[in-house]
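Since the structure comes first, as structure tokens, the remarks are kept for the end.
Number of protein chains: 2
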Amino acid sequence: MNTAQTLDRIRIVLSCTSHPGNIGAAARAMKTMGLRRLVLVSPLHFPDPVAEARASGAGDVLARAQVVGSMREALAGTVFAAAMTARRRELALPPKSARDAAGVVMSYAQSGEVALVFGNETSGLSNEDVALCQMPVMIPTNPEYSSLNLGAAVQILCYELRMHCESELAIEPPEAVPASFEEVERFHEHLESVMANSGFFDPANPKRLLQRVRRLFGRIRLEKEEVGILRGFLAAVDRKPD
Amino acid sequence: MNTAQTLDRIRIVLSCTSHPGNIGAAARAMKTMGLRRLVLVSPLHFPDPVAEARASGAGDVLARAQVVGSMREALAGTVFAAAMTARRRELALPPKSARDAAGVVMSYAQSGEVALVFGNETSGLSNEDVALCQMPVMIPTNPEYSSLNLGAAVQILCYELRMHCESELAIEPPEAVPASFEEVERFHEHLESVMANSGFFDPANPKRLLQRVRRLFGRIRLEKEEVGILRGFLAAVDRKPD
Numbered sequence: 040m041n042t043a044q045t046l047d048r049i050r051i052v053l054s055c056t057s058h059p060g061n062i063g064a065a066a067r068a069m070k071t072m073g074l075r076r077l078v079l080v081s082p083l084h085f086p087d088p089v090a091e092a093r094a095s096g097a098g099d100v101l102a103r104a105q106v107v108g109s110m111r112e113a114l115a116g117t118v119f120a121a122a123m124t125a126r127r128r129e130l131a132l133p134p135k136s137a138r139d140a141a142g143v144v145m146s147y148a149q150s151g152e153v154a155l156v157f158g159n160e161t162s163g164l165s166n167e168d169v170a171l172c173q174m175p176v177m178i179p180t181n182p183e184y185s186s187l188n189l190g191a192a193v194q195i196l197c198y199e200l201r202m203h204c205e206s207e208l209a210i211e212p213p214e215a216v217p218a219s220f221e222e223v224e225r226f227h228e229h230l231e232s233v234m235a236n237s238g239f240f241d242p243a244n245p246k247r248l249l250q251r252v253r254r255l256f257g258r259i260r261l262e263k264e265e266v267g268i269l270r271g272f273l274a275a276v277d278r279k280p281d
Numbered sequence: 040m041n042t043a044q045t046l047d048r049i050r051i052v053l054s055c056t057s058h059p060g061n062i063g064a065a066a067r068a069m070k071t072m073g074l075r076r077l078v079l080v081s082p083l084h085f086p087d088p089v090a091e092a093r094a095s096g097a098g099d100v101l102a103r104a105q106v107v108g109s110m111r112e113a114l115a116g117t118v119f120a121a122a123m124t125a126r127r128r129e130l131a132l133p134p135k136s137a138r139d140a141a142g143v144v145m146s147y148a149q150s151g152e153v154a155l156v157f158g159n160e161t162s163g164l165s166n167e168d169v170a171l172c173q174m175p176v177m178i179p180t181n182p183e184y185s186s187l188n189l190g191a192a193v194q195i196l197c198y199e200l201r202m203h204c205e206s207e208l209a210i211e212p213p214e215a216v217p218a219s220f221e222e223v224e225r226f227h228e229h230l231e232s233v234m235a236n237s238g239f240f241d242p243a244n245p246k247r248l249l250q251r252v253r254r255l256f257g258r259i260r261l262e263k264e265e266v267g268i269l270r271g272f273l274a275a276v277d278r279k280p281d
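Residue numbers (the working numbering), protein chains in the order written: chain U, 40 to 281; chain D, 40 to 281.
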């Protein structure tokens, strides 16, 4: 696959963006680096003339942007998602640097659709949204002032993706076929129901346990065949409550 | 020298900026990466509330920004300057990538003051301004749309500087003491006058020849001692017209 084809498999997902100027800046940042696929989860103002103005010559990226109502919709069809985060989170994996993350993202883009997810300007991503992704990403910053503008963060990540394409490093596809977002989600639903049926946890208050379980399987980056094995096992052990 | 001390030797110079929002965005981009010294050459609007708003928590960088009337003033005291350029220029050196340039800039910052120079949003830098710098720099972009926002370009360069600091690569100072901007400028004035006195060129139309001479000595990156040798030689050969 050439650079353009690989970059076309990467969607930039902006969640709950407050300022339409940042959506425009993100579109311009993407296009300068050769990315075209923008997905907006519940933007506060979109479409908006301020977004158009800041997009400059990247109006086509805005025009083709897909607006969805949930992170699950935004990640549909992906085999890998990376979540930008400005801080370490208690239950999340340790974040990768933008540069290292770019290599991982490009590698998965050899196998299928990939997402890079950015949160709201003030509050970032929710822990639930981060848990839907397989890898947290941080941009190294000044510890005394780490408040990157959203468009600037998109610019750096897209730049690192392009640099990775242009470097002489061969991009190796992952060794096995990665499971899709939907396959992993169905596995988590299955697991959750089996855990509930078994009496292992209280479905009225499952939040922390489920986050830990997602963290565990997120770290593995499940392959398609592995999901099949795990779900076969779950089906075998499942005992519906009487 | 630690990271903060090295980054404090690097000034970001914005020449003839049209939109105050970009000045604010540049200040924020700088501060997130640990840079603090902003120099503005003839900005169209500054100070300006739009710049303040876009600077967000980097208002201190704006408040300390130095406003000057010429590129020569902006480069005073530097031992090295790199010029952002979006295109190859006929008489300039081949540009370095932002990543490679960051290494060179950090190396010179071990010896003294260094500048990173960015031009106007629409027209970029003049050839004359580029000729005052020792190294052109380009950010790799999508060949079909390379129009990086000014603040985004500042963000990428400052990010590369910080990444260079944080990498495990040792930053080696240049082997000898580099000549200062003023020393190199006095050498060029001296050379020009000797070339005119000798009848070597027509002072009424010197432009292209002087550009070629600047390109040549820019590539050499003169050391302090070398400027002394060259100026001694110029003094020795100089024959004032009768």
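A virtual CB, placed ideally from N, CA and C, is assigned to each residue, including glycine. The model shown is predicted, which means the values in this text are computed figures rather than measured ones.
Contact of D/TYR147 with chain U by beta-carbon distance below 9 Å is absent, the smallest such distance being about 21 Å. One alpha carbon belongs to U/GLY190, the other to D/ASN159, and they sit about 20 Å apart.
The three-state secondary structure of U/LEU53, taken from DSSP, is strand. Residues of the same chain with a CB within less than 7 Å of the CB of U/GLY73, apart from the 5 flanking positions on each side, are THR42, ALA43, LEU46 and ARG201 in chain order. The C-alpha of D/SER54 lies about 60 Å from the C-alpha of U/HIS229. Identification of residues in the region 196–207 of chain D having a C-beta nearer than 8 Å to some C-beta of chain U yields TYR198, ARG201, MET202 and GLU205, given in sequence order. Contact between U/ILE195 and D/TYR198 is confirmed by a C-beta separation of about 5 Å, below the 8 Å threshold. If you look at U/PRO175, you'll find it in the beta strand (DSSP E) that goes 174–177.
Residue pairing by DSSP places D/ALA66 opposite no residue, since no beta bridge is assigned to it. A straight-line Cα-Cα distance of about 9 Å links U/SER186 and D/ALA68. By the C-beta criterion, the region 79–89 of chain D is judged not to be in contact with the region 117–124 of chain D, since fewer than 3 inter-stretch pairs fall below 8 Å. In the DSSP assignment, D/PHE239 falls outside any alpha helix (DSSP H) and carries neither an H nor an E. Within the region 84–168 of chain U, the complete alpha helix (DSSP H) runs of at least 4 residues fall at 88–94, 98–102, 110–113 and 137–148. A straight line joining the alpha-carbon of U/VAL193 with that of U/THR71 spans about 11 Å.
Nearest neighbour of D/PHE226 by Cα position, chosen from D/VAL216, D/GLY60, D/GLY257 and D/ALA92, turns out to be D/GLY257.
The region 262–271 of chain U makes contact with the region 213–224 of chain U, as at least three CB pairs between them are under 8 Å.
Taken atom to atom, the span from the alpha-carbon of D/LEU155 to that of U/ALA65 is near 24 Å.
The beta-carbon of U/SER95 is placed less than 8 Å from the nearest beta-carbon of chain D. At least 8 Å separates the beta-carbon of D/VAL169 from that of D/ALA140. For U/TYR147, the CB contacts under 7 Å within the same chain, skipping 5 residues up- and downstream, are VAL118, PHE119, VAL153, PRO213 and PRO217 in chain order. Contact between the region 238–256 of chain U and the region 106–116 of chain D is absent: fewer than three C-beta pairs spanning the two stretches fall below 8 Å.
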